[in-house]
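Structure first, commentary second.
In the UniProt record's numbering, the protein residues as written are 1 to 479.
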């Protein structure tokens, strides 16, 4: 089993064959338990081809116990693969062998149906499960919390509110022990169906029972799920209340991401309720706390709406205006000459030139023949005693005829501070040959110098890092 988990499948098969031939040390005996352990490792690895080969190879040994364990494992494998409905064929095989499905068998089949979006089949298996349990007076076959939780997930995905409510009533009216996971599944399904009031009723039930049963205290992600629904409605009051109660009433660790999302949801609720000033204040707080965020994320989309409603002159994100730049102009018009950029030798040690990076965020490197061999970014300067070339990135090159707009897009896409400008026809974009002499450089620092609101005293977020490098260098020199 250990070899299977380590993906050393061939060695595991060799050991099984040696046990079968009675040639292994200690003369161990093949048993269904041993083979099922290896089968489970194959299934966890998603290797259904070898799992089926293992069953075919040791079928006789596996059938000695006449247990449904083997079939439950195979169904689990089909669920992990791209063919979850293959689990239904395994159930047919169980019946052909004269075996009786157990609760795990039904739960696995229902999970396969839900994963395949076959919710009607899942409901039918649930009914079969209850019918067979009643017919045989076998309480061990009755649906458990896992069964209903899986069904609720499928019904939530299909937005079937009536069936969700029916399952919730059935769960609460039965003798089933409903745990925190089952309650969370109820709320998630109700929210997916748009029933916020229903979700609040279940949430109130959890909070009420959690007073006597600490194991039912909700986790932070449940608060966030409900807050998302109210944020979409624009209910600032409910989002604020839930955010405040999340800290004392939830259980488990509240991650930084959860804290940030709570603030973002409050901003979303404010903007959806047309409370622009509140949304702007929250956005200002988020901008100050976050290093960056994606425009396609939830907070990014809300930030765009806040910015558009605030007006360009009141922007919190300080958009840069380039009154002196025409984006269709060639980059050659705005570049500085390569020698003016003061390139550094590629083999020089960082300690000797560390002060250079206090001023410049990126510096080009040259070899002994004057060719550009890389660009060192301030963020990459982490080893004082290493040559600059070891910390450099390959030179990003553009021909002189490239438009400024395209160069800006390239810098942002590649997350680079600088491009090397070479003579047109000497290179393919993004590559560089030593025979091509660099003509100049264009960098974000040059671009900022053309902005309408640029000033040299803007605090650089990396200033403290460079200062640390400087202090380390001075300390080494004193030693």
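No residue lacks a Cβ here, since even glycine has one placed at the ideal position from N, Cα and C. It should be emphasised that the depicted structure is a prediction, and the values quoted were computed from it without experimental measurement.
The Cβ atoms of residue 231 and residue 272 lie closer than 8 Å to each other. With distances taken between CA atoms, residue 128 lies nearest to 147 out of 373, 147, 414. DSSP places residue 421 in no alpha helix (DSSP H) but in the uninterrupted beta strand (DSSP E) bounded by 418-422. Per the Cβ contact rule, the region 354-372 is not in contact with the region 325-337 (fewer than 3 Cβ pairs under 8 Å).
A Cβ-Cβ distance of about 7 Å is found for the pair residue 348 and residue 387, placing them in contact under the 8 Å criterion. Going by C-alpha positions, residue 236 is about 53 Å away from residue 400. Just so you know, the alpha carbons of residue 36 and residue 77 end up roughly 12 Å apart. A direct Cα-Cα distance of roughly 33 Å separates residue 226 from residue 83. For residue 198, the enclosing alpha helix (DSSP H) begins and ends at 196-210. Between the C-alpha atoms of residue 152 and residue 447 there is a straight-line separation of about 54 Å. The alpha-carbon separation between residue 186 and residue 173 amounts to approximately 14 Å. Following the DSSP letters along the chain, one finds residue 165 in no beta strand (DSSP E) but inside the alpha helix (DSSP H) bounded by residues 161-173. Nearest C-alpha to residue 301 among 268, 323, 275: 268.
One alpha carbon belongs to residue 263, the other to residue 234, and they sit about 14 Å apart.
For residue 97, the closest alpha carbon among the candidates 71, 85, 305 is that of 71.
Rounded to the nearest whole angstrom, the CA to CA distance from residue 274 to residue 207 is 31 Å. Bridge partners of residue 83 according to DSSP: none are assigned. With distances taken between CA atoms, residue 342 lies nearest to 442 out of 154, 442, 105, 93. By the criterion of a C-beta distance shorter than 7 Å, residue 261 is surrounded in its chain by 224, once the five residues flanking it on both sides are discounted. The region 150-167 makes contact with the region 117-133; the number of CB pairs closer than 8 Å reaches 3 or more.
Per DSSP, the unbroken alpha helix (DSSP H) holding residue 230 starts and ends at 220-233.
Counting only the Cα atoms, residue 381 lies some 52 Å from residue 179. By the neighbour-count definition (other C-beta atoms within 10 Å, threshold 16), residue 107 is a buried residue. With contacts defined by Cβ atoms closer than 8 Å, residue 156 and residue 192 form a contacting pair. Assignment of residue 327 by DSSP, reduced to helix, strand and coil, places it in the coil class.
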